[in-house]
Each structure stands twice: as structure tokens, then as C-alpha cells.
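Colleague: Numbering (our numbering), first residue to last: 2 to 118. Cβ atoms here follow ideal geometry from the backbone N, Cα and C, with glycine treated the same way. Below is the structure I would like to discuss, written out as C-alpha cells.
In C-alpha cells form, the structure reads like this:
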């Protein structure tokens, strides 16, 4: 499966995301500012966290094909504008919804618009 980086500021939530993604067969790594863009096929990040959104923008700029999954307590988070294509998971979400969102994001080809975002 894929190597998925996780950027979640709450440790318990980050650990839960890691366990759930491993159950879906993915290798997980903790995302931080030192993450090499070549190290991840996808990024799951907290859309309400400025650092997570900034990391998503850096990864997308370096790798237009990186799959992005934004987790948010609101259905239209402001920080993710310009990051399309990405999957948006509105919290709370189920383990199945997380797995499906990552699969969809990984299967979606990068677009010219996302390369310019």
C-alpha cells in the first residue's frame, strides 16, 4: 500500500489515525517540518491547524501528485483553498470513511491546477 504521513497536533488523535491507517494496510510516518516530500505518497492533516495546512502546501508545491486528505470539524475549512484536489473528512468520521478517503486521494491523478496551487 502507500506511505502516509500524518500531521495531527493532538497526540491521541494522531496515534488513532496511525492505527486506523495501518489496519487499512498503509505504512505511516509522523509528519513534521523536516519531512522529505519524497517520503510520503499521501498526507492526512488537520485542516484547522495552520502548521498542517502549511505542510500540505509545501508538499503539494514539491510534489503535485501527493495525495491530500484534510480532516476538519467544519464542512468548508478556509485553509484548504487552492489545495485541490484533496479529500475532505468532516469530523467525526468512521474508520471506513478514513480508509476510503485515503484510497480515493491516492487514486486521483494530479491536475495542472493543483501543480499551480
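When you compare only the Cα positions, how much space is there between residue 95 and residue 70?
Modeller: Approximately 14 Å, taken between the alpha carbons.
Colleague: Pull up the DSSP beta-bridge partners for residue 73, would you.
Modeller: Its beta-bridge partners are 91.
Colleague: I'd like to confirm the pairing. Which residues does DSSP put opposite residue 44 in its beta bridges?
Modeller: Residue 44 is bridged to 6, 69.
Colleague: Specify whether the segment 7-20 and the segment 75-90 touch according to this definition: at least 3 beta carbon pairs, one from each stretch, less than 8 Å apart.
Modeller: These segments do not touch.
Colleague: Given residue 100, which residues of its chain have a CB within under 6 Å of its CB, disregarding the five upstream and five downstream residues?
Modeller: 25, listed in sequence order.
Colleague: Mapping the DSSP letters down to three states, classify residue 103 as helix, strand or coil.
Modeller: Note: residue 103 maps to helix in three-state DSSP.
Colleague: Return the Cβ separation of residue 60 and residue 67 in integer angstroms, given the expectation that the two are a contact with Cβ distance under 8 Å.
Modeller: Going by Cβ atoms, the distance from residue 60 to residue 67 rounds to 5 Å, so yes, they are a contact pair.
Colleague: Excluding the 5 residues flanking residue 4 on each side, which residues of the same chain have their C-beta closer than 6 Å to its C-beta?
Modeller: Excluding sequence neighbours, residue 4 sits near 28, 41, 42.
Colleague: Should residue 161 be labelled buried (16 or more other beta-carbon atoms within 10 Å of its own) or exposed?
Modeller: Examination of residue 161 is not possible in this model, given that the chain is present from 2 through 118 alone.
Colleague: Just how far apart, CA to CA, sit residue 30 and residue 12?
Modeller: Going from the Cα of residue 30 to the Cα of residue 12 covers about 13 Å.
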